[in-house]
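See below for the structure under consideration.
Residue numbers (the numbering used here), protein chains in the order written: chain W, 1024 to 1294; chain D, 21 to 340.
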């Protein structure tokens, strides 16, 4: 029953504009960066936000990382929130929950199908973002070794590090997504859940600017887990940061989904 | 519980109660729908019909009591209790961005899958075959109601629960829906039909329950309810004035009224017959003694409007 419900959740997502808004954005943004760098190439030693921008013209592996750095705070959380905040609440707003809950698929299976469909969408967004950045970067600048001091990273290892960086970034993004699912299931209001999820995503980034906050707090607000991917493109790799990102993201996912599940499977369907 | 004639009872509701804080929406109701019944569930808006139907379908958890569908309680076994059961509460709702057919395919998938032929058949029964590719957002209210019936039929139900299926339809749509429900009932389906439209209930149902302010006012055969309505008579006689005097003193005659030409009174059949003999002894000729047939609507209003100002009176007939 979960497989059938999951397939239909995917099919419903494919019929909604919000799905394409997120997917379209993550394809367009890397292309826009390529165009911008073509028009206005960074000058080595100039005033860059990122040191690696000095090398963007020397290897296509750099572009997806730069694009991820600039998009990780707003674009991808927004794309995730658009779907996660809506997928339960839309059933209330369309009043279709009573329709699907009086068939032969139980509430638990429908809950699982929606969670899996949302995770599929978010991972597809991350994959599309990475793939577009990598292909666009490679086509524009070639798949050459990354000249990261002190020694160049060969193309094979660079590809693995880029994949790992996007994979690690996906974990706190899934944590934010799970929070959006919880707000959607409990709040039953699509706009409210999307706004709430985005607000949390902004706060995650905002707290980093507050002076004197302890490191553990920045870890549990997801601020550090959202940065953890950057260690995979440096030397040495900070495995503690990776472990913390995995662990904290998992706690967020488990706790928020448990709350959402309990509410969804026990609630009265009135509207 | 087993239905003596047909096996397991289709719907068995016992002491079902739902509270929202201080508000008691449904107050310890009992209902029994036998297999083969076309059961009318009547009540004014806000009486508790939809809340009780939602509890029967497992959409709302009862505060206390239980509802069993073919012996299974949705509060205990979830959607497994809905095996052989289909229908909708309030108006049927669908995904507006999907076509009518896609919505049915979705429902079928949630039931474990079904053939395209079965969807074709359901669309044919409700007359939506030529409109199945259109998105539901473009459907009229009547088309959505019919799509709701089609979605229910996909489950090949033995029990169909319909909550006010004619609400919001124009007269032609109401007629079509009544015909559709009537045809389904004649095909052998057990139907639980919630409505506040007396004409459709009178036309379709063999048993009824009347609910008001969360309390069942009557449950039993429609015929038995209607028989109550015939216990009032209008008498036209050669001497209405004397007949009035005799009626007011005659045992078993009550609630005597008069106009210039006739008197009206309430009595059972035996008392009415004895009264006519007494009139004959008094030398009063009888032009006509007419049972005054109250409509179901009048009976319904009598029951429900009385209880708006006074505590409900238990008048439930013991179910057969």
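Quick reminder that beta carbons are idealized off the backbone N, C-alpha and C, glycines included.
Q. Among D:99, D:180, D:172, D:91, which has the Cα closest to the Cα of residue 113 (chain D)?
A. In terms of CA proximity to residue 113 (chain D), D:172 leads the group D:99, D:180, D:172, D:91.
**Q.** Limits of the unbroken alpha helix (DSSP H) element including residue 220 (chain D)
**A.** Note, residue 220 (chain D): alpha helix (DSSP H), 218-224.
(Q) Just verifying my parser: in three-state terms, what is the DSSP assignment at residue 1094 (chain W)? (A) It is helical.
Q.
Using a Cβ-Cβ cutoff of less than 8 Å, which residues in the same chain neighbour residue 1253 (chain W) once the five nearest sequence positions on both sides are dropped?
A. Hits under 8 Å: 1092, 1188.
Q. Can you find a CB in chain D that lies within less than 7 Å of the CB of residue 1292 (chain W)?
A. Interface criterion met: the Cβ of residue 1292 (chain W) is under 7 Å from a Cβ in chain D.
Q.
Three or more C-beta pairs under 8 Å: does that hold for the stretch 1157-1177 of chain W against the stretch 163-171 of chain D?
A. No, the stretch 1157-1177 of chain W is not in contact with the stretch 163-171 of chain D.
**Q.** Rounded straight-line distance, which links the Cα of residue 1124 (chain W) to that of residue 1251 (chain W)
**A.** Between residue 1251 (chain W) and residue 1124 (chain W), the C-alpha separation is close to 40 Å.
**Q.** Cross-chain neighbours of residue 162 (chain D) in chain W, by beta carbon under 9 Å
**A.** None at all; the shortest Cβ gap to chain W is about 18 Å.
Q | chain D contacts from the stretch 1105-1125 of chain W (Cβ-Cβ distance under 8 Å) | A | If the cut-off is 8 Å between Cβ atoms, the stretch 1105-1125 of chain W has 1117, 1118, 1119, 1121, 1122, 1123, 1124, 1125 near chain D.
Q: Answer with buried or exposed for residue 237 (chain D), where buried requires no fewer than 16 other C-beta atoms within 10 angstroms of its C-beta.
A: Answer is buried; the Cβ neighbour count reaches 16.
Q: Throw me the rounded Cβ distance for the residue 1057 (chain W) and residue 1086 (chain W) pair, which I believe falls under 8 Å.
A: Confirmed, Cβ separation roughly 7 Å.
**Q.** Interfacial residues, the stretch 125-142 of chain D to chain W, with Cβ spacing under 7 Å
**A.** Those residues of the stretch 125-142 of chain D that come within reach of chain W (Cβ to Cβ, closer than 7 Å) are 126, 127, 129, 130, 131, 132, 133.
Q.
Relative to the C-alpha of residue 1051 (chain W), which candidate in W:1165, W:1153, W:1256 has its C-alpha closest?
A. Measuring C-alpha to C-alpha distances from residue 1051 (chain W) to each of W:1165, W:1153, W:1256 identifies W:1153 as the nearest.
Q) In the stretch 83-113 of chain D, which residues sit with their C-beta less than 9 Å from some C-beta in chain W, listed in chain order? A) Across the stretch 83-113 of chain D, CB contacts with chain W closer than 9 Å involve 98, 99, 100, 102, 103, 105, 106, 107, 108, 109, 110, 111, 112, 113, in sequence order along the chain.
Q: Mind listing the chain W neighbours of residue 79 (chain D)? Cutoff is C-beta to C-beta under 9 Å, in chain order.
A: Correct list: 1120, 1121, 1124, 1125, 1291, 1292, 1293.
Q: Just the C-alpha distance for residue 129 (chain D) and residue 286 (chain D), rounded to the nearest angstrom, thanks.
A: So the two alpha carbons sit approximately 58 Å from each other.
Q) How about residue 61 (chain D): is its C-beta nearer than 7 Å to some C-beta of chain W? A) For residue 61 (chain D), the answer is no, since every Cβ of chain W falls outside 7 Å of its Cβ.
Q: With a threshold of 6 Å, establish whether the CB of residue 113 (chain D) neighbours any heavy atom of the ligand HEM.
A: What this structure holds is no ligand at all, so the ligand HEM is not there to describe.
Q: Leaving aside the five residues before and after residue 65 (chain D) along the sequence, list all residues of the same chain whose C-beta is less than 8 Å from its C-beta, in chain order.
A: So the qualifying residues of the chain are 216.
(Q) My assumption, with CB atoms under 8 Å, is that residue 143 (chain D) sits in contact with residue 122 (chain D). Please give the rounded CB distance. (A) Taking the Cβ atoms as the reference, residue 143 (chain D) lies roughly 12 Å from residue 122 (chain D), outside the contact range of under 8 Å.
(Q) Which residues does DSSP list as the beta-bridge partners of residue 183 (chain D)? (A) Note: residue 183 (chain D) sits in a beta bridge opposite D:214.
Q: Report the rounded CA-to-CA distance for residue 1034 (chain W) versus residue 1026 (chain W), giving the unit in angstroms.
A: In this structure, the alpha-carbon of residue 1034 (chain W) lies about 12 Å from that of residue 1026 (chain W).
Q: Could you say if the stretch 1091-1105 of chain W and the stretch 1185-1205 of chain W meet the contact criterion of at least three C-beta pairs nearer than 8 Å?
A: The stretch 1091-1105 of chain W, when compared against the stretch 1185-1205 of chain W, does touch it at the 8 Å Cβ threshold.
Q: Select from D:325, D:310, D:96, D:125 the residue whose C-alpha is nearest the C-alpha of residue 251 (chain D).
A: Taking only the C-alpha atoms, the option nearest residue 251 (chain D) is D:310.
Q.
Relative to the C-alpha of residue 95 (chain D), which candidate in D:322, D:105, D:106, D:83 has its C-alpha closest?
A. Closest by alpha carbon: D:83.
**Q.** Near-chain W residues of the stretch 36-59 of chain D - C-beta to any C-beta below 7 Å
**A.** Answer in chain order: no residues at all.
Q) If you pair each beta-carbon of the stretch 1201-1209 of chain W with each one of the stretch 1100-1108 of chain W, do three or more pairs fall below 8 Å? A) Contact between the stretch 1201-1209 of chain W and the stretch 1100-1108 of chain W is present, because at least three Cβ pairs lie under 8 Å.
(Q) Under DSSP, the beta strand (DSSP E) around residue 39 (chain D) begins and ends at which residues? (A) Its beta strand (DSSP E) spans residues 31-40.
Q. Taking 7 Å as the CB-CB limit, is residue 1129 (chain W) close to chain D?
A. Residue contact check for residue 1129 (chain W) against chain D: a CB pair falls below 7 Å.
Q) Hey, is residue 1286 (chain W)'s beta-carbon within less than 7 Å of any beta-carbon in chain D? A) No, because no Cβ of chain D sits closer than 7 Å to the Cβ of residue 1286 (chain W).
Q. Bridge partners of residue 125 (chain D), per DSSP?
A. Note: residue 125 (chain D) sits in no beta bridge, so no partner.
Q. Out of curiosity, what's the CA-to-CA distance linking residue 131 (chain D) and residue 178 (chain D)?
A. Computed Cα separation, rounded: 15 Å.
Q | Nearest candidate by alpha-carbon position, reference residue 1032 (chain W), set W:1113, W:1226, W:1048 | A | Nearest C-alpha to residue 1032 (chain W): W:1113.
(Q) Counting only beta-carbon separations shorter than 7 Å, does residue 1027 (chain W) have a partner in chain D? (A) The C-beta of residue 1027 (chain W) comes closer than 7 Å to at least one C-beta of chain D.
Q) Mind checking whether residue 1053 (chain W) and residue 1156 (chain W) have CB atoms under 7 Å apart? A) Yes, they are a contact pair.
Q) From D:306, D:263, D:260, D:227, pick the residue whose C-alpha is nearest to that of residue 214 (chain D); which is it? A) Its Cα nearest to that of residue 214 (chain D), the residue D:227 stands out among D:306, D:263, D:260, D:227.
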